[in-house]
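Read through the structure below, which is laid out as structure tokens, and then see the notes.
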């Protein structure tokens, strides 16, 4: 990856993997790779991985995790879920952990009233050249 | 195993231990050994002898006895279980590292730690993954993998001297100085309950990152450890806090 160009708006990756510890590592590797292409400093990459790890360990429901990473020009957008029914990342206790780690953390739902997902956003200003 | 309030014998033993009576600690351990065995049995059948897990869990029990504060008014079992679980999980992580991680990845992750520190000093800011890859002469994917490997490795002892030349100052000493303001911090009841499960050093790191808004690199500079070690401590603290909150949830009627 070292000779690859920086991320553009077309860099979207979707990964589905079993919600077990062994596969969570795969999710973290994918996310780490995408965050790297977004040219985040290493401590921001680690913050993002920490936020995702917290959600994986506590807030994700079901046997399969769906992770979508969109590395655009303005922000790195990470969507993760489905969340445990009734779970809300804006809940004060959850937000207390997520807020310092990412720029935004919100609940998103599909138009057909499907399960909620967490959406984490890291702004481009944190990039090396941001 | 009863609540603190209903168990004056436990309180008496704890006070005796705090006053220097080591045999009182041994008696508390004897009382709660069935709890350790119960927790350890959940992890049986994963390739480690049950007795080894009980032994490791007992270390967590002793840590919990050392840290438990009677004034908090919570059950000792609520406090102890996450610590026991944490020790057992760490044991598995250490074994996994020893058995499964290729030697090259171990060496890469250790090189990465040093490179992050030197690159941060050289650049005056935390480096990107690409910059680390270039400096180390490896691919970015290998840097990411080394990062993941690093966090699978056991945590360095907090009581280990910080100085390379055997300096007596430990991270515990440094962090102890930053903890004074903790009681003044307003926080949610649940978060506070979770933080009670942490030792003073972990609590200080969590406070700096989540309450004072310092970045990992700023904490690293303040405390005198590497940014990656700060990240590792934060991960461990969040796991411990989750364990505490889950234990509390299980106790709710």
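Protein chains in written order, with my numbering: chain A, 475 to 604; chain B, 5 to 257. Ideal Cβ placement from N, Cα and C applies to all residues, glycine included.
Within-8 Å CB hit, residue 517 of chain A to chain B
Taking the first residue of the first chain as position 1, residue 517 of chain A is located at position 43. For residue 517 of chain A, the answer is yes, since a Cβ of chain B falls inside 8 Å of its Cβ.
Which residues in the same chain as residue 150 of chain B place their Cβ atom closer than 7 Å to its Cβ, once the five residues preceding and following it in sequence are excluded?
For this step, residue 150 of chain B is matched to residue 146 along the second chain. Around residue 150 of chain B: 109, 112, 113 and 116.
Measuring alpha carbon to alpha carbon, tell me which residue in A:592, A:491 and A:601 is nearest residue 472 of chain A.
Residue coverage of chain A in this structure runs from 475 to 604, which leaves residue 472 of chain A outside it and unanswerable.
Which residues in the same chain as residue 18 of chain B place their Cβ atom closer than 6 Å to its Cβ, once the five residues preceding and following it in sequence are excluded?
Within the second chain, numbered from 1, the residue matching residue 18 of chain B stands at position 14. No residues qualify anywhere along the chain.
Against residue 528 of chain A, what residues of chain B qualify as contacts under a CB-to-CB distance less than 7 Å, listed in chain order?
Here residue 528 of chain A refers to the residue found at position 54 when the first chain is read from its first residue. Here the neighbours are 242.
Pull up the distance between the alpha-carbon of residue 128 of chain B and that of residue 45 of chain B, whole angstroms please.
The sequence position of residue 128 of chain B within the second chain is 124, counting from 1. The sequence position of residue 45 of chain B within the second chain is 41, counting from 1. If I take the Cα positions, the gap works out to 49 Å.
Give me the residue from A:559, A:521, A:580 and A:554 with the minimum Cα distance to residue 566 of chain A.
Indexing the first chain from 1 puts residue 566 of chain A at position 92. Closest option to residue 566 of chain A, Cα to Cα, is A:580.
Please report the straight-line C-alpha distance between residue 147 of chain B and residue 133 of chain B, rounded to a whole angstrom.
The count along the second chain starts at 1 and reaches residue 147 of chain B at position 143. The count along the second chain starts at 1 and reaches residue 133 of chain B at position 129. Distance between the alpha carbons of residue 147 of chain B and residue 133 of chain B: 7 Å.
Return the CA-CA distance between residue 140 of chain B and residue 29 of chain B, expressed in angstroms with no decimal places.
As a working note, residue 140 of chain B is residue 136 in the second chain. As a working note, residue 29 of chain B is residue 25 in the second chain. So the two alpha carbons sit approximately 49 Å from each other.
If we ignore side chains and look at the alpha-carbon of each, how far apart do residue 233 of chain B and residue 224 of chain B end up?
By 1-based counting over the second chain, the position of residue 233 of chain B is 229. By 1-based counting over the second chain, the position of residue 224 of chain B is 220. Cα-Cα distance, rounded: 8 Å.
Near residue 593 of chain A, which residues of its chain fall below 6 Å by C-beta distance, leaving aside the five closest residues on each side in sequence?
In the first chain, the residue the question calls residue 593 of chain A occupies position 119. Closer than 6 Å at the Cβ level, and outside the excluded window around residue 593 of chain A, lie 553, 580 and 582.
Straight-line gap, residue 539 of chain A to residue 13 of chain B (C-alpha atoms, nearest Å)
Working through the first chain from its first residue, we reach residue 539 of chain A at position 65. Working through the second chain from its first residue, we reach residue 13 of chain B at position 9. So the alpha carbons of these two residues sit roughly 48 Å apart.
Within the chosen definition, does the segment 62-72 of chain B reach the segment 80-98 of chain B through at least 3 CB pairs nearer than 8 Å?
yes
Going by DSSP in three states, residue 218 of chain B sits in which element: helix, strand or coil?
By 1-based counting over the second chain, the position of residue 218 of chain B is 214. Looking at residue 218 of chain B - three-state DSSP - the assignment turns out to be coil, as it is neither helix nor strand.
Listed from N- to C-terminal order along the chain, which residues in the segment 212-243 of chain B have their beta-carbon within a distance smaller than 7 Å of any beta-carbon of chain A?
213, 214, 217, 219, 220, 221, 231, 235, 238, 239 and 242
Under 8 Å between C-beta atoms, does residue 131 of chain B make it to chain A?
For the purposes of this step, residue 131 of chain B is identified with residue 127 of the second chain, where counting begins at 1. For residue 131 of chain B, the answer is yes, since a Cβ of chain A falls inside 8 Å of its Cβ.
If you reduce the DSSP assignment to three classes, tell me which class residue 540 of chain A lands in.
Counting from 1 along the first chain, the entry for residue 540 of chain A is found at position 66. Of the three classes helix, strand and coil, the one that applies to residue 540 of chain A here is strand, per DSSP.
Can you check whether the C-beta of residue 136 of chain B is within less than 8 Å of a C-beta belonging to chain A?
Against the second chain, residue 136 of chain B aligns to sequence position 132. Yes, because at least one Cβ of chain A sits closer than 8 Å to the Cβ of residue 136 of chain B.
Just the Cα atoms here: how many angstroms apart are residue 43 of chain B and residue 58 of chain B?
As a first step, residue 43 of chain B must be located in the second chain, where it is residue number 39. As a first step, residue 58 of chain B must be located in the second chain, where it is residue number 54. When rounded, the distance between both Cα atoms is 8 Å.
Per DSSP, cross-strand counterpart(s) of residue 534 of chain A:
Counting from one through the first chain, the residue named residue 534 of chain A turns up at place 60. Bridge partners of residue 534 of chain A: A:557.
If we define contact as Cβ-Cβ less than 8 Å, is residue 598 of chain A a contact residue for chain B?
For the purposes of this step, residue 598 of chain A is taken as residue 124 along the first chain, with counting starting at 1. No - not a single Cβ of chain B is within 8 Å of the one on residue 598 of chain A.
Taking Cβ positions only, does residue 91 of chain B come closer than 8 Å to chain A?
Along the second chain, one-based indexing puts residue 91 of chain B at 87. Cβ-Cβ to chain A under 8 Å: no for residue 91 of chain B.
Against residue 11 of chain B, what residues of chain A qualify as contacts under a CB-to-CB distance less than 8 Å, listed in chain order?
For this step, residue 11 of chain B is matched to residue 7 along the second chain. By Cβ distance, chain A contributes nothing, its closest Cβ being about 30 Å from residue 11 of chain B, past 8 Å.
Is the beta carbon of residue 422 of chain A sitting closer than 8 Å to the one on residue 518 of chain A?
Since the first residue shown for chain A is 475 and the last is 604, residue 422 of chain A is missing from the structure and cannot be characterised.
Please check the pair residue 577 of chain A and residue 597 of chain A, which I expect to be a contact at CB under 8 Å, by giving their CB distance rounded to whole angstroms.
Translated into positions along the first chain, residue 577 of chain A becomes position 103. Translated into positions along the first chain, residue 597 of chain A becomes position 123. At roughly 5 Å, the Cβ-Cβ gap stays under 8 Å, so residue 577 of chain A and residue 597 of chain A are in contact.
Give a yes or no on whether 8 Å exceeds the smallest Cβ distance from residue 564 of chain A to chain B.
Counting from one through the first chain, the residue named residue 564 of chain A turns up at place 90. No, because no Cβ of chain B sits closer than 8 Å to the Cβ of residue 564 of chain A.
Based on Cα-Cα distance, which residue from B:54, B:52 and B:61 lies nearest to residue 34 of chain B?
As a first step, residue 34 of chain B is located in the second chain; it is residue number 30 there, counting from the start. Among B:54, B:52 and B:61, the Cα nearest to that of residue 34 of chain B is on B:61.
Expected contact under 8 Å - CB spacing of residue 521 of chain A and residue 559 of chain A to nearest Å
As a first step, residue 521 of chain A must be located in the first chain, where it is residue number 47. As a first step, residue 559 of chain A must be located in the first chain, where it is residue number 85. At roughly 27 Å, the Cβ-Cβ gap does not stay under 8 Å, so residue 521 of chain A and residue 559 of chain A are not in contact.
Looking at chain B, is there any beta carbon in it that lies within less than 8 Å of the beta carbon of residue 586 of chain A?
Taking the first residue of the first chain as position 1, residue 586 of chain A is located at position 112. No, its Cβ sits nowhere closer than 8 Å to a Cβ of chain B.
Contact with chain B by residue 499 of chain A, beta-carbon distance below 8 Å
Position 25 of the first chain, counted from the start, is the residue given in the question as residue 499 of chain A. True, the Cβ-Cβ gap to chain B drops below 8 Å.
Check whether chain B comes within 8 Å of residue 510 of chain A, counting only Cβ atoms and requiring the distance to be less than that.
As a first step, residue 510 of chain A is located in the first chain; it is residue number 36 there, counting from the start. Output row for residue 510 of chain A: interface = yes.
With burial defined as no fewer than 16 other Cβ atoms inside 10 Å of the residue's Cβ, what is the status of residue 206 of chain B: buried or exposed?
For the purposes of this step, residue 206 of chain B is identified with residue 202 of the second chain, where counting begins at 1. By the 10 Å Cβ count, residue 206 of chain B comes out buried.
Boundaries (first-last residue) of the alpha helix (DSSP H) holding residue 15 of chain B:
Walking along the second chain from the start, residue 15 of chain B turns up at place 11. Note, residue 15 of chain B: alpha helix (DSSP H), 12-22.
Just the chain A side, please: which residues come within less than 7 Å of residue 149 of chain B by C-beta, in chain order?
Translated into the one-based positions of the second chain, residue 149 of chain B becomes position 145. Within 7 Å Cβ-Cβ: 503.
Whole-angstrom C-beta distance between residue 590 of chain A and residue 561 of chain A, which should lie under 8 Å:
The residue you call residue 561 of chain A lines up with position 87 of the first chain. The residue you call residue 590 of chain A lines up with position 116 of the first chain. At roughly 7 Å, the Cβ-Cβ gap stays under 8 Å, so residue 561 of chain A and residue 590 of chain A are in contact.
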